[in-house]
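Peer 1:
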Amino acid sequence: AGVVATSAAPTVRVHFKVPGQTLSGISITGLEVYNEKYKPFKGVKYIASAGKFVVRSR
Numbered sequence: 001a002g003v004v005a006t007s008a009a010p011t012v013r014v015h016f017k018v019p020g021q022t023l024s025g026i027s028i029t030g031l032e033v034y035n036e037k038y039k040p041f042k043g044v045k046y047i048a049s050a051g052k053f054v055v056r057s058r
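Numbering (the UniProt record's numbering), first residue to last: 1 to 58.
1. Let's see if you can read the secondary structure: which residues bound the beta strand (DSSP E) around valine 18?
2. Taking the alpha-carbon positions, what's the glycine 2 to valine 18 distance?
3. DSSP on serine 49, reduced to helix/strand/coil?
4. Take phenylalanine 16 and list the residues in its own chain whose beta-carbon comes closer than 6 angstroms to its own, dropping the five residues that flank it on each side.
5. Could you check where the beta strand (DSSP E) with valine 14 kicks off and where it finishes?
Put into structure tokens, the structure is as follows:
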């Protein structure tokens, strides 16, 4: 009692960014730059983001 059944499954849309993380687990351990006169910056910036991510329930 008190539970209403719906005929359509709800859809949830989300957008997110997670700075400093990758969803795949890929990481950079080194980078070699040749024939350049400038010294490259040693930092790496990671960001995980979703453009359109849809979750459908049954």
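C-beta: ideal position from N, C-alpha, C; glycine also.
Since the structure is predicted, the reported quantities are computational estimates derived from the model, not experimental observations.
Peer 2: Let me spell this out:
1. 17 to 19
2. 39 angstroms
3. strand
4. Ala50
5. 11 to 14
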